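Participant: Start counting the sequence shown at 47; every next residue gets the next number (the working numbering).
All C-beta atoms, glycine included, are put in the ideal place defined by N, C-alpha and C.
Remember, it's a predicted structure, so these values are computed and weren't measured experimentally.
This is the structure, below, for whatever I ask next.
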Amino acid sequence: MKSLSRILSAAGLALGLALAAVPAGAQQPAAQPPAPLKPASPAAIAAAKDLLNLKGVSGIYAAAVPNIVQRAKDQLLANNLNYQKDLNEVAAVIAQSLAGREKEIGEQMAKIYASDFTEQELKDLNAFYKTPVGQKLLVQEPKSVQTSMAYMQQWAQNFSETVLTEFRSEMKKRGKPLS
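Shown next, in the form of structure tokens:
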């Protein structure tokens, strides 16, 4: 479970960084609105919430509000160093006043799952995750994903060397050796 917690913390950090990566007020192309969700019954949404709870998904977005507040403060601080004390104080006030808003993410995720899966499928998934093999999957999958990601990074690094070698060989054949 500690590994799951670490993976979820890392995912939360990634989400926070992704959410904070776009500077506030930056001119961005208009994002396409998400496809409308299929209507879902309250029971389907409840089953989706149960599933997300079993999977510990809230850990992914738990730090979204403080991360975004911190990013906004850092952005403002970059051009207003003389307001550091005030910005720190205001950041604490804003973080406090907006605490809990990250739950909106969980609510929408439940609606998305309830739109993507039938109520019965969600109930079946919940039943599965409560079985011994489902519990093992919850514990083991983050480790398996982490090990897989490490393998993919190593593979990509090795394959990159192969590609570079091929580039050098082909360019040498053209009389244009690369360094």
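Can the beta-carbon of Y107 be found closer than 7 Å to that of E148?
Facilitator: Yes, Cβ-Cβ distance for Y107 and E148 is below 7 Å.
Participant: Quick check on L224: buried or exposed, where buried means 16 or more other Cβ atoms within 10 Å of its Cβ?
Facilitator: By the neighbour-count rule (16 or more Cβ atoms within 10 Å), L224 is not buried but exposed.
Participant: What is the DSSP secondary structure of G71, reduced to helix, strand or coil?
Facilitator: Residue placement at G71 cannot be trusted, given a pLDDT of 44 that sits under 50; the coordinates are not used to answer.
Participant: Please list the terminal residues of the continuous alpha helix (DSSP H) segment that includes A141.
Facilitator: Start and end: 130-144.
Participant: Under three-state DSSP, which class holds G102?
Facilitator: G102 falls in the coil class under three-state DSSP.
Participant: Can you give me the Cβ contacts of A72 inside the same chain, cut-off strictly under 8 Å, excluding the 5 residues immediately before and after it?
Facilitator: Note that A72 scores 45 on pLDDT, short of 50, meaning its location in the model is unreliable and no value can be drawn from it.
Participant: Does the region 189-199 come into contact with the region 120-131, if we say contact requires no fewer than three beta-carbon pairs (one atom in each stretch) closer than 8 Å?
Facilitator: No, the region 189-199 does not touch the region 120-131.
Participant: Which same chain residues end up closer than 8 Å to R214 when comparing Cβ atoms and leaving out the 5 residues on each side of it in sequence?
Facilitator: Here the set comprises P223, L224.
Participant: Smallest Cα separation from G146: which of S104, E165, T211, A89?
Facilitator: Residue S104 is the option with its Cα nearest to G146.
Participant: Buried or exposed for L168, please, with buried defined as at least 16 other CB atoms from any protein chain shown within 10 angstroms of its CB.
Facilitator: L168 comes out buried.
Participant: Pick from P112, V209, L83: whose alpha carbon is nearest that of Y159?
Facilitator: Comparing Cα positions, the closest option is L83.
Participant: Quick check on the DSSP output: the alpha helix (DSSP H) that includes P112 runs from which residue to which?
Facilitator: 110-125 is the span of the alpha helix (DSSP H), which, as asked, contains P112.
Participant: Given that a residue counts as buried once 16 or more other Cβ atoms are within 10 Å of its Cβ, and exposed if not, what is A70?
Facilitator: Note that A70 has pLDDT 43, beneath the 50 cutoff, so the model's placement of it is unreliable and no number is given.
Participant: Alpha carbon to alpha carbon, what distance is there between K101 and A86?
Facilitator: So the two alpha carbons sit approximately 21 Å from each other.
Participant: Could you tell me the alpha carbon to alpha carbon distance between K218 and E212, rounded to whole angstroms?
Facilitator: So the alpha carbons of these two residues sit roughly 10 Å apart.
Participant: Assuming the contact rule is C-beta atoms closer than 8 Å, V115 and A141 should be a hit. Round their C-beta distance to whole Å, please.
Facilitator: About 4 Å; that satisfies the 8 Å criterion.
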